[in-house]
Amino acid sequence: QVQLVESGGGLVQPGGSLRLSCGSSTRISMINTMGWYRQAPGKQRELVATISSGGGGSTNYADSVKGRFTISRDGAKNTVYLQMNNLKPEDTAVYLCNMRRIGGYEYWGQGTLVTVSQ
């Protein structure tokens, strides 16, 4: 059974940086997109960023993170990263990795907690 495992979360002060990583336990074929979502307490899950697997890897970001977060991937390793800079308290959430295959089937990680606080 395929599992996605995230790492890199933790406690950081406002203005700080973290780098999240997500890899799969076994190789996933025909991945269409990889992405990061987040869910804060009492709120719905929201998209943070996605990156396509083909070509130049087109990216898509939530307006709230544009200019601060950067998503990247290593397709050969089925790994996706999220570099988060200038973190704000409102970025506090559980961050979940997603990998979606061509055809729509998708995999989710268990999540990694990011807390931005003094």
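Residue numbers (my numbering): 23 to 140.
Built from N, CA and C at the ideal position, the CB exists for glycine as well.
This one's a predicted model, so the numbers in the text were calculated from it and none came from an experiment.
Per DSSP, what kind of secondary structure is A115 in: helix, strand or coil?
-> As a working mapping, residue 115 is identified with position 93 in the sequence shown. In this structure, A115 counts as strand in the three-state DSSP scheme.
Taking the alpha carbon of P111 as the point to measure from, which residue in I93, S94, V102, S86 has its own alpha carbon closest?
-> Counting from one through the sequence shown, the residue named residue 111 turns up at place 89. The shortest C-alpha separation from P111 is found at S86.
Which residue spans inside the region 71-120 form an unbroken beta strand (DSSP E) run of at least 3?
-> When DSSP assignments are scanned along the region 71-120, the uninterrupted stretches of beta strand (DSSP E) that are 3 or more residues long and fall wholly within it turn out to be 81-83, 91-96, 101-106.
Pick from R41, N54, Y83, E28 that is closest to Y127, judged by C-alpha positions | Looking up residue 127 in the sequence shown gives position 105. For Y127, the closest alpha carbon among the candidates R41, N54, Y83, E28 is that of N54.
Considering Q34, what are the terminal residues of the beta strand (DSSP E) in which it resides?
-> The residue given as residue 34 occupies position 12 in the sequence shown. Position check: residue 34 holds Val in this sequence, whereas Gln was assumed. For V34, the enclosing beta strand (DSSP E) starts and ends at 32-34.
Per DSSP, G131 is paired with what?
-> Position 109 of the sequence shown, counted from the start, is the residue given in the question as residue 131. Residue pairing by DSSP puts G131 in a beta bridge opposite L26.
Proximity to G58 [Cα-Cα], best of R49, S51, S74 = Position 36 of the sequence shown, counting from 1, holds the residue named residue 58. It is worth fixing the name first, because residue 58 is Trp in this sequence and not Gly. The residue with the shortest Cα to Cα distance from W58 is S74.
Closest by C-alpha distance to G32, when choosing among G76, Q23, L42, A84 = Taking the sequence shown and counting its residues from 1, the one referred to as residue 32 is at position 10. Nearest option by C-alpha distance: L42.
May I have the straight-line CA-CA distance separating S39 from V138, to the nearest angstrom?
-> Indexing the sequence shown from 1 puts residue 39 at position 17. Indexing the sequence shown from 1 puts residue 138 at position 116. Their Cα atoms are separated by approximately 10 Å.
Counting along the chain, where does the beta strand (DSSP E) carrying Q61 start and finish?
-> Mapped onto the sequence shown, residue 61 falls at position 39. Here the beta strand (DSSP E) through Q61 covers 53-61.
Cα-Cα separation between S51 and L104, rounded to whole angstroms = If you number the sequence shown from 1, residue 51 lands on position 29. If you number the sequence shown from 1, residue 104 lands on position 82. Cα-Cα distance, rounded: 21 Å.
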